[in-house]
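Using the numbering used here, read the sequence shown as starting at 1336 and increasing by one per residue.
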Amino acid sequence: MARREGEEAVSHGEHRPQTRELESPDFIRHGTPVFRQTNLALFAAGVATFGLLYCTQPLMPEFSKDYGVSAATASLSLSLTTGVLAFAMLFAGGVSDAWGRKSVMTLSLLSSAVLVLLTAMVPDWHMLLILRALLGLTLSGLPAVAMTYLSEEMHPESIGLGMGLYISGNAIGGMGGRLVAGVLTDFVGWRWGVAAVGMIGLVAGLLFWRSLPPSRHHVRQPLHPGQLLGRFALAFRDAGLPWLFAEGFLLLGAFVTVYNYIGYRLLAPPYSVSQAAVGGIFSVYLIGTFSSAWMGHLAGRLGRRKVLWTAFALMLLGVGLTMTQPLVLIVLGIVAVTFGFFGGHSIASSWVGRRAGSAKAQASSMYLFSYYMGSSIAGASGGLFYASHGWNGVALFVAALVLAGLLIAWRLYRLPPLPGPPSPGTEPPIPQ
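Given below as structure tokens:
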């Protein structure tokens, strides 16, 4: 049986990990060389994963020209990948239970980089889509398993900062993949742009393989479908995990919807900004490299219950600012939405690992499944509101999502403590 991270009840819904685990010298703590080594590896993995995933987004008009496909068909180069990714992540955790965390993540990164390099060379549109679908399958071995690895290997006081730094890499990768592929397309063509992203992913995969410390707290378990379903069911028996899955859905759903449709408003009168200026909005992603680490660390010190709601409140304020007329306030609103999103995702994702016990891999997979389904469902639904009521319709739709997230965060604040006997010792409780 895999080692279970102990958490014991304390007052006001917070929990105390067992003293023997807090005193264990092999948990990774911030401020140590192994913490820096671990986060360098996972930061590189985050950059590679989201660069490989999103590099085709700015290239869709090029696909339409080269392959003679419509804009809707060209969008399959991204939506097909994310759709396969969401479902494949449900099983990636179980595979890592059997094969080991580091081996699955390393294979995921290297094989994904190779697929993107092949994508740069295929002459046929259908073959490109097949490779992009396979990319969703191979990429699934990184996000859910990385969350599980951090939950198992990091000391409870350091997991918030560790998760935040990993998500910072995600933010840079999401921006960098679009930027590198888009800029190189203007000079040397989209194939060279995609190939450059693939090479970056390959180098990051090798760096990850060399730098990430092996798991010390994971015990491999045979891959039995019945047991795997049982561990998924275990995640849903917890009073808090299903609500955290919902938070993932609402966080990315709201964030993607804002970015999907804000460009339409800014391109139209009275702003009529250039397409290049609209594309520059992606540079706001850099805020996520700070907010995810800072809010994650803050939650580790003050308690996740006390900090999560502030991320949704900040997003709600940002959505309200985008409904105003001055351009500077709209940009500030986008900044606030971005800051709150990355901070909220950092807190919620690390909290999943803390509550999941022996079902960490499955809980992480379910969180990310909900997270990416939020992007697919809410992101597409926002278009209906834009068609009928313009940007105000989109903003009200996003506000409803964020308000639901805020109410759930309040419910999580009032969540009863996990059952368990008081643990001996004098270690202070770790905020949850």
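Quick reminder that beta carbons are idealized off the backbone N, C-alpha and C, glycines included.
Spatial distance of GLY1653 from SER1475 (CA atoms) = The residue you call residue 1653 lines up with position 318 of the sequence shown. The residue you call residue 1475 lines up with position 140 of the sequence shown. GLY1653 and SER1475: Cα-Cα distance of roughly 31 Å.
ask   = Can you tell me whether SER1681 is buried or exposed, with buried defined as 16 or more other CB within 10 angstroms of its CB?
value = For this step, residue 1681 is matched to residue 346 along the sequence shown. So SER1681 ends up on the buried side.
task = Taking only the alpha-carbon atoms, compute the straight-line gap between ALA1337 and GLU1487 and give it to the nearest angstrom.
result = Your numbering for residue 1337 matches position 2 in the sequence shown. Your numbering for residue 1487 matches position 152 in the sequence shown. Below a pLDDT of 50, predicted positions are generally treated as unreliable, and ALA1337, at 38, falls in that range; the measurement from the model is reported next regardless. Rounded to whole angstroms, ALA1337 to GLU1487 spans 10 Å at the Cα level.
message = Within a Cβ cutoff of 7 Å, which residues of the same chain sit near VAL1382, ignoring the five residues on either side of it in sequence?
response = Counting from 1 along the sequence shown, the entry for residue 1382 is found at position 47. For VAL1382, where only same-chain residues beyond five positions count, the Cβ hits under 7 Å are GLY1504, ILE1507, GLY1508, GLY1511, ALA1539.
query = What is the rounded straight-line gap between the Cα of ALA1455 and the Cα of ASN1595?
reply = Here the question's residue 1455 lines up with position 120 in the sequence shown. Here the question's residue 1595 lines up with position 260 in the sequence shown. So the two alpha carbons sit approximately 26 Å from each other.
task = Note down, in chain order, each residue of its chain lying with its Cβ closer than 7 Å to the Cβ of TRP1745, except the 5 sequence neighbours on either side.
result = To locate residue 1745, count along the sequence shown from 1; it is residue 410. TRP1644, listed in sequence order.
query = Near ALA1734, what residues of its chain come up, given a Cβ to Cβ distance below 7 Å and the 5 sequence neighbours on each side ignored?
reply = Residue numbering aside, residue 1734 sits at position 399 when the sequence shown is read from its first letter. For ALA1734, where only same-chain residues beyond five positions count, the Cβ hits under 7 Å are LEU1651, VAL1654.
ask   = For GLY1536 versus VAL1451, is the C-beta spacing smaller than 8 Å?
value = Translated into positions along the sequence shown, residue 1536 becomes position 201. Translated into positions along the sequence shown, residue 1451 becomes position 116. It is a contact, given that the beta carbons lie within the stated cut-off.
request  = Taking only the alpha-carbon atoms, compute the straight-line gap between SER1414 and PRO1548 and give it to the nearest angstrom.
outcome  = For the purposes of this step, residue 1414 is taken as residue 79 along the sequence shown, with counting starting at 1. For the purposes of this step, residue 1548 is taken as residue 213 along the sequence shown, with counting starting at 1. Going by the C-alpha atoms only, they are around 34 Å apart.
query = Sorted by chain position, which residues of the same chain lie with C-beta nearer than 6 Å to ALA1479's C-beta, five sequence neighbours on each side aside?
reply = Position 144 of the sequence shown, counting from 1, holds the residue named residue 1479. The answer, listed in chain order, is MET1424, ALA1427, GLY1428, SER1699, SER1700, LEU1703.
query = Taking C-alpha atoms, which residue in VAL1687, ARG1371, GLY1740 lies nearest to LEU1576?
reply = Looking up residue 1576 in the sequence shown gives position 241. Checking every option, the nearest Cα to that of LEU1576 belongs to VAL1687.
ask   = If you count every other CB in all the chains shown that lies within 10 Å of the CB of VAL1462, and 16 or more means buried, which is it?
value = Along the sequence shown, one-based indexing puts residue 1462 at 127. Reading off the sequence shown, one finds Met at residue 1462, where the question assumed Val. Burial call: exposed.
query = Hey, VAL1608 and LEU1601: beta-carbon distance below 8 Å or not?
reply = Taking the sequence shown and counting its residues from 1, the one referred to as residue 1608 is at position 273. Taking the sequence shown and counting its residues from 1, the one referred to as residue 1601 is at position 266. Going by C-beta atoms, VAL1608 is nearer than 8 Å to LEU1601.
ask   = Is the CB-CB distance between GLY1679 and LEU1586 below 8 Å?
value = If you number the sequence shown from 1, residue 1679 lands on position 344. If you number the sequence shown from 1, residue 1586 lands on position 251. In this structure, LEU1586 lies closer than 8 Å to GLY1679 by Cβ.
query = Assuming ILE1622 contacts THR1673 under a Cβ cut-off of 8 Å, what Cβ separation, rounded to an integer in Å, is found between them?
reply = The residue you call residue 1622 lines up with position 287 of the sequence shown. The residue you call residue 1673 lines up with position 338 of the sequence shown. About 5 Å; that satisfies the 8 Å criterion.
Cβ-Cβ separation, GLY1528 to GLY1471 (assumed contact under 8 Å), whole Å = Taking the sequence shown and counting its residues from 1, one reaches residue 1471 at position 136. Taking the sequence shown and counting its residues from 1, one reaches residue 1528 at position 193. The Cβ separation is near 20 Å, so there is no contact.
request  = Could you work out which residue in MET1482, ARG1436, TRP1460 is closest to SER1684 when comparing CA atoms only?
outcome  = On the sequence shown, position 349 is the one that residue 1684 refers to. Cα-wise, what sits closest to SER1684 is MET1482.
message = Spatial neighbours of LEU1464 within its chain, please: C-beta separation below 8 Å, excluding the five flanking residues on both sides.
response = Along the sequence shown, read from residue 1 onward, the residue named residue 1464 stands at position 129. Only LEU1411, SER1412, LEU1415 meet the Cβ criterion.
query = Given LEU1664, which residues of its chain have a CB within under 7 Å of its CB, disregarding the five upstream and five downstream residues?
reply = Stepping through the sequence shown from its first residue, residue 1664 is reached at position 329. Excluding sequence neighbours, LEU1664 sits near LEU1656.
query = When you compare each of GLY1588, LEU1444, ALA1379, LEU1445 to GLY1717 by their alpha carbons, which one comes out closest?
reply = Position 382 of the sequence shown, counted from the first residue, corresponds to residue 1717. Residue GLY1588 is the option with its Cα nearest to GLY1717.
C-beta atoms of ARG1513 and TYR1389 nearer than 8 Å = One-based indexing of the sequence shown puts residue 1513 at position 178. One-based indexing of the sequence shown puts residue 1389 at position 54. Closer than 8 Å, so yes.
Nearest-angstrom beta carbon gap, TYR1706 and PHE1590 [assumed within contact, 8 Å] = The sequence position of residue 1590 within the sequence shown is 255, counting from 1. The sequence position of residue 1706 within the sequence shown is 371, counting from 1. Not quite, the Cβ-Cβ distance comes to about 10 Å (not below 8 Å), so this is no contact.
ask   = Under a Cβ-count criterion, where at least 16 other Cβ atoms within 10 Å of its own Cβ denotes burial, should THR1659 be classed as buried or exposed?
value = The residue given as residue 1659 occupies position 324 in the sequence shown. So THR1659 ends up on the exposed side.
task = Kindly indicate which residue of GLY1668, ALA1722, ARG1545, ALA1634 has the alpha-carbon position closest to the one of ALA1380.
result = Counted from its first residue, the sequence shown places residue 1380 at position 45. Nearest option by C-alpha distance: ARG1545.
ask   = Quick one: complete alpha helix (DSSP H) runs, 4+ long, within the stretch 1578–1638?
value = 1610–1614, 1621–1637
ask   = When we look at the beta-carbon of ALA1722 and count the other beta-carbons within 10 Å, is it buried (16 or more) or exposed?
value = Within the sequence shown, the letter at position 387 stands for residue 1722. Counting Cβ neighbours within 10 Å, ALA1722 comes out exposed, since fewer than 16 surround it.
query = Cβ atoms of THR1520 and LEU1637: under 8 Å apart, would you say?
reply = Position 302 of the sequence shown, counted from the start, is the residue given in the question as residue 1637. Position 185 of the sequence shown, counted from the start, is the residue given in the question as residue 1520. Against a cut-off of 8 Å, the Cβ pair of THR1520 and LEU1637 comes out as no contact.
request  = Output the residue ranges of the alpha helix (DSSP H) runs that lie fully inside the stretch 1671–1754 and measure 4 residues or longer, sorted by chain position.
outcome  = 1695–1748
query = The alpha helix (DSSP H) spanning PRO1368 covers which residue range?
reply = Translated into the one-based positions of the sequence shown, residue 1368 becomes position 33. Note, PRO1368: alpha helix (DSSP H), 1368–1389.
message = Here's the rule: buried if 16 or more other CB atoms are within 10 angstroms of the residue's CB, otherwise exposed. What is ALA1730?
response = Taking the sequence shown and counting its residues from 1, one reaches residue 1730 at position 395. By the 10 Å Cβ count, ALA1730 comes out buried.
message = Less than 6 Å between C-beta atoms, sequence neighbours within five positions excluded: which residues of the same chain meet that for GLN1372?
response = Start at 1 with the first residue of the sequence shown, and residue 1372 comes out as number 37. Excluding sequence neighbours, GLN1372 sits near SER1546.
ask   = Taking the alpha helix (DSSP H) that MET1456 falls in, what are its first and last residues?
value = The count along the sequence shown starts at 1 and reaches residue 1456 at position 121. Premise fails: MET1456 is in no alpha helix (DSSP H) and is neither H nor E.
Whole-angstrom C-beta distance between ALA1648 and MET1630, which should lie under 8 Å = Numbered from 1 along the sequence shown, position 295 holds the residue referred to as residue 1630. Numbered from 1 along the sequence shown, position 313 holds the residue referred to as residue 1648. Incorrect: roughly 12 Å between the Cβ atoms, too far for contact.
request  = With DSSP as the reference, label GLY1476 as helix, strand or coil.
outcome  = Walking along the sequence shown from the start, residue 1476 turns up at place 141. Looking at GLY1476 - three-state DSSP - the assignment turns out to be coil, as it is neither helix nor strand.
ask   = Between SER1618 and ILE1502, which are expected to be in contact by the criterion C-beta below 8 Å, what is the C-beta distance as a whole number of angstroms?
value = Locating residue 1618 in the sequence shown gives position 283, counting from the first residue. Locating residue 1502 in the sequence shown gives position 167, counting from the first residue. Not quite, the Cβ-Cβ distance comes to about 17 Å (not below 8 Å), so this is no contact.
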